[in-house]
Every structure is written in C-alpha cells, then in structure tokens.
Amino acid sequence: MKKSTLVMLCLLMILSTVFCLAGCKTRTDEMADQEIYTEKQMNKTKKQVIKCINEQDKEGLKKLFSKDAQKNIEDLDGKLDQFIGAFNGNKIESAKGLSPAFEGSAEAQPMHIYGEYHLTINSEEKYQIYISFCDKNDEDPDKEGVFQIELRTFTREESPKDFNGGAYKDDYGVFIYTLQNYPKE
Numbered sequence: 043m044k045k046s047t048l049v050m051l052c053l054l055m056i057l058s059t060v061f062c063l064a065g066c067k068t069r070t071d072e073m074a075d076q077e078i079y080t081e082k083q084m085n086k087t088k089k090q091v092i093k094c095i096n097e098q099d100k101e102g103l104k105k106l107f108s109k110d111a112q113k114n115i116e117d118l119d120g121k122l123d124q125f126i127g128a129f130n131g132n133k134i135e136s137a138k139g140l141s142p143a144f145e146g147s148a149e150a151q152p153m154h155i156y157g158e159y160h161l162t163i164n165s166e167e168k169y170q171i172y173i174s175f176c177d178k179n180d181e182d183p184d185k186e187g188v189f190q191i192e193l194r195t196f197t198r199e200e201s202p203k204d205f206n207g208g209a210y211k212d213d214y215g216v217f218i219y220t221l222q223n224y225p226k227e
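Take the sequence shown: its position 20, counted from the start at 1, is 62 in my numbering, and no numbers get skipped.
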C-alpha cells in the first residue's frame with residue numbers, strides 16, 4: 043500500500059511539474075508571438091509610408107492615418123505637403139531601426155505600436171522618422187491607423203545639445219523638425 047501511494051505521489055508531482063513548465067512556455071511563446079506580430083505590422087506600415095513618400099503620394103499617406111486622426115489634425119493636407127516636400131523629391135533608399143515598441147495587446151486594447159527609423163537618402167543624407175499607429179481597437183475602430191509621424195531632418199549625431207525631443211508619443215499630428223525649427227528648452 044505504501045509503495046502504491048508513493049508511486050502515485052511521484053506521478054502527481056511529475057505531472058504537476060510538466061503542466062507548470064508547459065504553462066510558462068506558453069506565456070513565453072505568447073510574448074514572442076506578440077513581438078513578432080508587432081514587428082510585422084510595423085514593417086508593413088513603414089513600407090507603406092516610405093512608398094507614399096517615394097511616390098510623393100499625399101492621398102495615399104493620408105489614407106494611412108486613422109479616421110480619428112484625420113478629423114483631429116489641423117490642416118492635415120498642408121502638413122502632409124510639407125512632410126513630403128521635406129524630402130525634396132529624393133527617394134528613401136533604406137530605413138533601419140530597432141524592433142518596434144508597443145503598448146497593449148490583442149486582448150488588452152487599444153494596441154499602439156511605435157517605430158523609430160534612420161533613413162538613408164542619396165547614399166549619405168540621414169533623417170530620422172518616428173511612426174506611431176494604433177493597430178487594434180475593437181471599441182473604437184476609427185482610431186485604428188497612423189496617428190503620428192515625426193520627421194527629423196538631422197541625424198542623432200547632428201542633434202543640437204539643447205534638443206529635447208519632439209512631440210509626445212501619443213500626440214496626433216505630423217511633425218517636422220529641422221535644425222532651424224527644433225523645439226528648444
């Protein structure tokens with residue numbers, strides 16, 4: 043009797059350990075899947091933004107913005123003209139950045155994804171672009187889409203010492219910073 047109880051107890055311990063480890067692996071897999079998903083979504087959005095810039099397609103770029111952002115950004119058409127004009131007709135050759143950051147998830151919406159990219163134009167000129175968009179919002183689908191694009195027409199190395207960054211990460215808008223108009227402290 044003692045032997046069978048001991049064997050059952052050992053089996054229960056082994057089974058509970060296996061289930062615990064499987065549960066941890068599942069959570070890790072969920073986080074990895076979330077990171078892969080956000081990177082895929084940001085790459086898709088980045089490619090669409092770059093295509094619109096390279097083709098000087100203001101209307102295409104405007105369509106990437108959420109309906110809510112289109113309503114709430116004052117003079118969006120004028121700002122998009124300035125944004126595309128900042129490239130002087132030059133094409134973006136590459137956009138390199140780190141993995142995107144995100145807030146929320148498919149279950150904890152809204153899900154915002156933020157990306158920062160260093161742009162190469164004409165093999166040397168480098169700009170920085172920040173793209174923020176809401177990927178999922180079941181409660182308010184009008185908020186899904188790009189809500190902020192920030193362009194800095196200078197590299198990180200060229201940033202003035204008193205440059206304190208640009209827009210707040212959740213502000214709606216199209217922001218363009220040059221060495222002449224950067225926000226000073």
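Even for Gly, the Cβ is constructed at its ideal location relative to N, Cα and C.
Beta-ladder partner(s) of C176, from DSSP: H154, G187
With DSSP run on the structure shown, which of helix, strand or coil describes I115? coil
Do you know how far the Cα of D204 is from the Cα of Q151? 36 Å
Taking E200 as the reference, which of F217, Q222, E192 has the closest Cα? Q222
Burial state of P142 (16 or more Cβ within 10 Å): buried
Distance, E149 Cα to C94 Cα: 31 Å
Do I155 and F125 have their C-beta atoms closer together than 8 Å? no
Three-state secondary structure (DSSP) at F196? coil
My assumption, with CB atoms under 8 Å, is that K104 sits in contact with Q112. Please give the rounded CB distance. 7 Å
By how many angstroms is the C-alpha of F217 removed from the C-alpha of V91? 15 Å
Jot down the residue ranges of each uninterrupted alpha helix (DSSP H) in the region 74–142, minimum 4 residues, whole runs only, in chain order. 100–106, 109–114, 118–127
Where L106 and P202 are concerned, what is the direct C-alpha to C-alpha distance, given to the nearest angstrom? 31 Å
Would you tell me roughly how many angstroms separate the C-alpha atoms of F144 and E81, rounded to the nearest one? 9 Å
In the DSSP output, what is G146 paired with across the bridge? According to DSSP, which records beta bridges pairwise, G146 is partnered with nothing at all.
For I134, count the other beta carbons within 10 Å of its own beta carbon; 16 or more makes it buried, fewer makes it exposed. Which is it? buried
For L193 versus I171, is the C-beta distance shorter than 8 Å? yes
With 16 as the cutoff for other CB atoms within 10 Å, does I78 come out buried or exposed? exposed
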